[in-house]
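*Asks:* One structure coming up, written as structure tokens, with questions to follow.
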Amino acid sequence: MIRSARVRALLALTVIALSLYIACTVPVRLGLDLRGGTQIVLETRSTATIHAGREATDRTLEVLRGRVDALGVAEPTLVRSGANRIIVELPGVRDPEEAAALLGRTAQLTFHPVLGTGDGADRREDARDLVLSDESGSPLRLAKDSALTGEDVKGAAARFDQETAAGWHVTLDFDRAGRDRWARLTGEAACQPVGDPTRRVAIVLDDRVISAPQIDPSVSCGTGIAGGSTRITGSFSDAEARELALLINGGALPVPVETVEQHTVGPTLGARAITASAWAAVIGTGLTSLFIIGVYRLMGFLAAVALLCHGLISYAALAVLGATLTLPGLAGFALAIGMAVDANVLVFERAREEYTTRRLPSTRSALTAGFRNAFSAIADSNVTTLIAAVLLFFLASGPVRGFGVTLGIGVVASMVSALVVTRVLADHAVSRPWVRRRPGVTGIATAGRVRGLLVRRGPALMRRPRRYLAASVAVLVLASAGVAVRGLQFGIDFTGGRLLEYATGVPVDPERARADLADAGVAQAVVQSSGDTGLTVRTEELTDAEAATVTRTIGTLGGGADKVRDELIGPSLGEELRRNALIALAVALGAQLLYLAARFRWLFGTAAVAALAHDILILVGVFAWLGKPVDGVFLAALLTVVGYSVNDSVVVFDRIRELRRLDAKGPLPDLADHAILQTLPRTVNTGMGAALILAALAVLGGDSLTDFALALLIGLAVGTYSSVFTAVPVAIELDRRGRPRHPARRAREAGHKGIPRPTRSSRR
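Mapping of the sequence shown onto my numbering: residues 24 to 787, in sequence order.
Spelled out as structure tokens, the structure:
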């Protein structure tokens with residue numbers, strides 16, 4: 024026992040020390056919604072002759088990389104997503120129209136005769152020639168009219184000369200028309216002296232010389248390189264030769280691209296979001312810590328210390344994995360702190376139960392039993408949340424995916440902090456002599472107010488389960504009526520369109536702005552206030568000229584307008600996101616059902632999933648009544664509710680399973696009553712811990728997180744109710760229908776003693 028405690032202590036110290044080192048040395052990468060900038064998602068389109076698959080998209084990516092470098096953007100990011108999408112992140116870029124226009128141009132590959140050296144200008148163009156720097160930075164004077172274009176190139180490939188071991192080179196193959204043009208171009212250049220700049224041919228991609236090879240002395244003047252194939256030699260490395268081939272192929276095979284998604288966030292908005300979220304996390308964590316200290320005294324204080332370690336471990340994990348921290352990710356970070364309280368409360372409530380009911384000899388033995396007996400419930404409840412986090416990562420996109428990452432990291436970190444850090448601190452504390460002499464200071468030597476109230480009254484909650492089912496159905500019908508009456512206000516994530524947010528000099532009346540926009544030709548715009556002097560305009564897809572009209576109109580009304588956010592979602596992407604949202608919900612419910620059925624029984628799995636469906640429909644209905652937008656962030660909240668609200672059902676069903684091992688023939692309603700009464704203190708305390716965090720996010724998290732926190736608060740309240748008064752009654756009804764009640768069984772249940780119900784006489 025002592026050895027295992029030492030191992031845990033060493034593990035805890037190692038994890039904390041390593042996390043502290045990583046947090047101090049490795050910075051976390053901020054998403055564009057926090058540091059400001061533009062994200063553009065481009066989709067390659069097939070033509071009559073070219074298929075926009077992975078290969079063509081990779082070629083397009085290399086061309087775009089050169090264009091972004093030409094913009095001079097610091098730390099740009101370009102990655103391929105799927106077979107035909109490219110995600111471009113441009114930190115600090117405030118003009119998305121200019122960036123999108125540059126990135127969306129079809130690649131232009133041209134071949135030019137070299138007329139001589141330049142005059143030192145980096146780039147100059149006049150009526151006769153063009154001055155560009157070659158790959159080494161030396162200016163070259165080129166003929167303005169190209170001799171060949173990318174349409175004349177059949178393909179390019181990087182090859183290694185196996186016979187002569189001369190190194191890497193790039194081969195070029197021309198089509199029928201390109202053969203003659205290439206021979207004529209190289210034949211004219213071969214007439215110049217060897218070593219003269221005019222003996223070179225410049226290969227230009229998007230006004231940038233990617234290669235300017237010298238014509239080999241073996242090439243005859245006037246004849247040139249015939250046959251339609253040639254090679255570019257030089258001191259190429261493997262990577263350089265492949266990159267040159269990709270660039271040439273990108274020009275040779277131009278693939279049209281279309282902007283399907285665009286997000287622009289100003290740096291001031293990102294800074295405000297960071298400040299607001301940080302304050303929400305600090306205040307929420309502080310309130311949660313005060314709450315658990317008030318309930319569990321010394322153990323609560325140690326749990327609060329473990330919460331700080333949880334935050335450190337989560338931050339270090341984000342940094343070492345290279346994950347991008349987004350605004351929803353900050354919310355996931357804060358929410359994971361509230362969820363970390365869950366595991367601690369499970370352990371402490373179980374330790375209370377062991378000490379007060381089973382009369383264990385010391386708080387140390389009760390604490391050991393609490394960690395041991397609560398482990399299965401902690402594992403099951405965290406796995407269900409991890410399922411939701413994984414689905415968010417694979418089926419969501421953009422910042423919502425970042426929320427899935429931080430939520431998943433937070434769940435794993437919560438188990439480490441609760442089962443390792445908290446246990447090491449708690450074991451050390453209860454071993455101190457002054458604590459052994461004063462067991463009341465630990466917070467687990469008393470039953471607690473909620474448990475004491477339940478013990479005194481001992482209510483038979485599941486005597487008439489159909490009443491609770493009727494109440495759940497009534498609430499469900501009332502909430503669902505909101506969808507039928509008011510409809511769902513889908514955000515641009517799901518409908519496609521454009522969202523513009525402005526910070527104005529003076530407050531602007533949304534109705535007046537809507538009327539002025541209609542007069543300016545922008546009809547059917549949804550205009551809403553945002554903060555004190557902010558305004559959001561949501562419309563169908565706008566052209567850049569129409570967007571400029573919106574900006575001028577709002578600026579006239581507001582005494583100037585600073586555009587702090589610009590989001591564009593193409594209709595095809597909106598349809599895809601809607602489809603993915605439905606798939607995510609279906610897979611989430613199916614995955615929860617399979618996991619719970621494997622861990623418990625199909626009976627309990629079905630009941631828990633029915634309660635989840637009940638929670639989802641109510642949450643959607645409430646948002647319909649409130650007129651709140653249903654967008655990607657709402658989807659993140661919905662899937663989090665799926666993972667989080669099932670935790671309470673898991674804890675109750677885990678206790679029913681434990682009681683059934685002790686009394687295999689006991690009626691399910693009686694076992695459910697005992698399980699509910701024993702686990703309800705945990706449900707109340709964990710709900711309070713999470714509610715304090717979410718309330719802080721709702722009040723202090725800013726406009727971007729208010730709806731998110733509101734959805735989670737509604738889901739938390741509905742999920743807490745449904746785990747007891749929907750999931751358990753459904754399980755009881757399914758059990759009654761699935762097991763015929765023979766006369767012998769009815770007599771057995773009528774005379775069944777089972778596990779004694781808490782009564783006043785059994786109160787300690």
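Beta carbons: idealized from backbone N, C-alpha and C, even for Gly.
Decide if I606 is buried, meaning its Cβ has at least 16 other Cβ atoms within 10 Å, or exposed.
*Replies:* Numbered from 1 along the sequence shown, position 583 holds the residue referred to as residue 606. Burial call: exposed.
*Asks:* Can you grab the Cα-Cα spacing for the pair V653 / I432, in whole Å?
*Replies:* For the purposes of this step, residue 653 is identified with residue 630 of the sequence shown, where counting begins at 1. For the purposes of this step, residue 432 is identified with residue 409 of the sequence shown, where counting begins at 1. Answer to the nearest angstrom: the Cα atoms are 26 Å apart.
*Asks:* For D145, which of helix, strand or coil comes out of DSSP?
*Replies:* For this step, residue 145 is matched to residue 122 along the sequence shown. Bear in mind that the predicted position of D145 carries a pLDDT of just 47, short of 50, making it unreliable; the figure below should be weighed with that in mind. Coil at D145, not helix or strand.
*Asks:* How close, in whole Å, do the beta carbons of G597 and D516 come, if the pair is a contact with beta carbons under 8 Å?
*Replies:* Along the sequence shown, one-based indexing puts residue 597 at 574. Along the sequence shown, one-based indexing puts residue 516 at 493. Confirmed, Cβ separation roughly 7 Å.
*Asks:* How is Q285 classed by DSSP in three states: helix, strand or coil?
*Replies:* What you label residue 285 is simply residue 262 of the sequence shown in a count that begins at 1. The answer is strand: DSSP assigns Q285 an E or B state.
*Asks:* Please determine if the segment 403-422 and the segment 607-621 are in contact, where contact requires at least 3 C-beta pairs separated by less than 8 Å.
*Replies:* Yes: the two stretches touch, three or more of their Cβ pairs being nearer than 8 Å.
*Asks:* Select from R320, V343, E564 the residue whose C-alpha is nearest the C-alpha of R461.
*Replies:* As a first step, residue 461 is located in the sequence shown; it is residue number 438 there, counting from the start. The shortest C-alpha separation from R461 is found at R320.
*Asks:* Going by DSSP, what residue range makes up the beta strand (DSSP E) through A180?
*Replies:* To locate residue 180, count along the sequence shown from 1; it is residue 157. Unbroken beta strand (DSSP E) run through A180: 176-183.
*Asks:* Sorted by chain position, which residues of the same chain lie with C-beta nearer than 8 Å to V439's C-beta, five sequence neighbours on each side aside?
*Replies:* Within the sequence shown, numbered from 1, the residue matching residue 439 stands at position 416. Taken in chain order, the residues that qualify are V38, H333, I336.
*Asks:* So, are the CB atoms of D638 and G514 less than 8 Å apart?
*Replies:* Start at 1 with the first residue of the sequence shown, and residue 638 comes out as number 615. Start at 1 with the first residue of the sequence shown, and residue 514 comes out as number 491. Contact: no.
*Asks:* In this structure, does DSSP put I255 in helix, strand or coil?
*Replies:* For the purposes of this step, residue 255 is identified with residue 232 of the sequence shown, where counting begins at 1. DSSP places I255 in strand when its eight states are reduced to three.
*Asks:* CB-CB under 6 Å to S338, same chain, minus the five flanking residues each way: which ones, in chain order?
*Replies:* For this step, residue 338 is matched to residue 315 along the sequence shown. It should be noted that the sequence gives Tyr, not Ser, for residue 338. These residues qualify, in order along the chain: A46.
*Asks:* Given the structure, does L662 come close to the ligand NAD, in the sense that its CB is under 7 Å from one of the ligand's heavy atoms?
*Replies:* The ligand NAD is absent from the structure shown, which contains no ligands of any kind.
*Asks:* By alpha-carbon positions, which one of N670, P216, L735, L57 ends up nearest to L348?
*Replies:* Counting from one through the sequence shown, the residue named residue 348 turns up at place 325. L348 has its Cα closest to that of L57, out of N670, P216, L735, L57.
*Asks:* Buried or exposed: E524, going by 16 or more other Cβ atoms within 10 Å of its Cβ?
*Replies:* The residue you call residue 524 lines up with position 501 of the sequence shown. Its Cβ being crowded by 16 or more others within 10 Å, E524 is buried.
*Asks:* So which of A568, P351, N367, A536 has the shortest CA-CA distance to V444?
*Replies:* Position 421 of the sequence shown, counting from 1, holds the residue named residue 444. Among A568, P351, N367, A536, the Cα nearest to that of V444 belongs to N367.
*Asks:* Assuming contact is defined by CB atoms lying nearer than 8 Å, are T308 and L325 in contact in what I supplied?
*Replies:* Translated into positions along the sequence shown, residue 308 becomes position 285. Translated into positions along the sequence shown, residue 325 becomes position 302. Result no, Cβ atoms of T308 and L325 do not sit closer than 8 Å.
*Asks:* Do Q185 and V111 count as a contact pair if the criterion is CB distance below 8 Å?
*Replies:* In the sequence shown, the residue the question calls residue 111 occupies position 88. In the sequence shown, the residue the question calls residue 185 occupies position 162. Contact flag unset, no.
*Asks:* Residues in the same chain with beta-carbon distance under 6 Å from F259, minus the five sequence neighbours each way, listed in chain order, please.
*Replies:* One-based indexing of the sequence shown puts residue 259 at position 236. Answer for F259: W191, listed in chain order.
*Asks:* My output table needs one value for L163: the three-state DSSP class, helix, strand or coil.
*Replies:* If you number the sequence shown from 1, residue 163 lands on position 140. Looking at L163 - three-state DSSP - the assignment turns out to be strand.
*Asks:* Please list, in chain order, all residues of the same chain as R622 whose beta carbon is under 7 Å from its beta carbon, the five residues on each side excluded.
*Replies:* Position 599 of the sequence shown, counted from the first residue, corresponds to residue 622. Answer for R622: D403, listed in chain order.
*Asks:* For the beta strand (DSSP E) that contains F344, what are its first and last residues?
*Replies:* To locate residue 344, count along the sequence shown from 1; it is residue 321. This sequence places Leu at residue 344; Phe is not what is there. Per DSSP, L344 belongs to no beta strand (DSSP E) and is neither H nor E.
*Asks:* What is the DSSP secondary structure of T469, reduced to helix, strand or coil?
*Replies:* The residue labelled residue 469 in the question sits at position 446 within the sequence shown. T469: coil per DSSP, three-state reduction.
*Asks:* Looking at the unbroken beta strand (DSSP E) that takes in S104, where does it start and where does it end?
*Replies:* One-based indexing of the sequence shown puts residue 104 at position 81. S104 -> beta strand (DSSP E) spans 100-104.
*Asks:* Which whole-angstrom value is the C-beta distance of A614 and F676, which I expect to be below 8 Å?
*Replies:* On the sequence shown, residue 614 is found 591 positions in, with the first residue counted as 1. On the sequence shown, residue 676 is found 653 positions in, with the first residue counted as 1. Going by Cβ atoms, the distance from A614 to F676 rounds to 17 Å, so no, they are not a contact pair.
*Asks:* Considering only their Cβ atoms, is the gap separating D589 from L691 smaller than 8 Å?
*Replies:* If you number the sequence shown from 1, residue 691 lands on position 668. If you number the sequence shown from 1, residue 589 lands on position 566. No, the pair does not count as a contact, with Cβ atoms beyond the cut-off.
*Asks:* In chain order, what residues of the same chain lie with their CB nearer than 8 Å to the CB of A363, ignoring the 5 residues before and after it?
*Replies:* As a first step, residue 363 must be located in the sequence shown, where it is residue number 340. Within the same chain, A363 has close Cβ partners A329, L330, H333, G433, A436, S437, S440, A441.
*Asks:* Sort R424, V645, A294 by Cα distance to R509 and report the nearest one.
*Replies:* If you number the sequence shown from 1, residue 509 lands on position 486. It is V645.
*Asks:* If we call anything under 8 Å between Cβ atoms a contact, is L661 one with A750?
*Replies:* Your numbering for residue 661 matches position 638 in the sequence shown. Your numbering for residue 750 matches position 727 in the sequence shown. Not closer than 8 Å, so no.
*Asks:* In its own chain, which residues sit with a C-beta less than 8 Å from the C-beta of G139, not counting the 5 before and 5 after it?
*Replies:* Within the sequence shown, numbered from 1, the residue matching residue 139 stands at position 116. Once the five neighbours on either side are set aside, the close Cβ partners of G139 are L163, R164, P220, T221.
*Asks:* Would you mind sorting E377 into buried or exposed? The rule is 16 or more other CB atoms within 10 Å of its CB.
*Replies:* One-based indexing of the sequence shown puts residue 377 at position 354. With 16 or more other Cβ atoms within 10 Å, it is buried.
*Asks:* Smallest Cα separation from I109: which of S668, G141, L87, D152?
*Replies:* Within the sequence shown, the letter at position 86 stands for residue 109. Of the candidates S668, G141, L87, D152, the one whose C-alpha sits nearest the C-alpha of I109 is L87.
*Asks:* May I ask you to list the residues that DSSP assigns as paired with S156?
*Replies:* The sequence position of residue 156 within the sequence shown is 133, counting from 1. In DSSP, S156 forms a bridge with P162.
*Asks:* Just the Cα atoms here: how many angstroms apart are R295 and T572?
*Replies:* Sequence index remark: in the sequence shown, residue 295 carries index 272 (1-based). Sequence index remark: in the sequence shown, residue 572 carries index 549 (1-based). Their Cα atoms are separated by approximately 27 Å.
*Asks:* Assign V665 to one of two classes, buried (16 or more other C-beta atoms within 10 Å of its C-beta) or exposed (fewer than that).
*Replies:* Residue numbering aside, residue 665 sits at position 642 when the sequence shown is read from its first letter. Label assigned to V665: buried.
*Asks:* Please state whether the Cβ-Cβ distance between N396 and R373 is less than 8 Å.
*Replies:* Walking along the sequence shown from the start, residue 396 turns up at place 373. Walking along the sequence shown from the start, residue 373 turns up at place 350. The answer is yes: Cβ separation under 8 Å.
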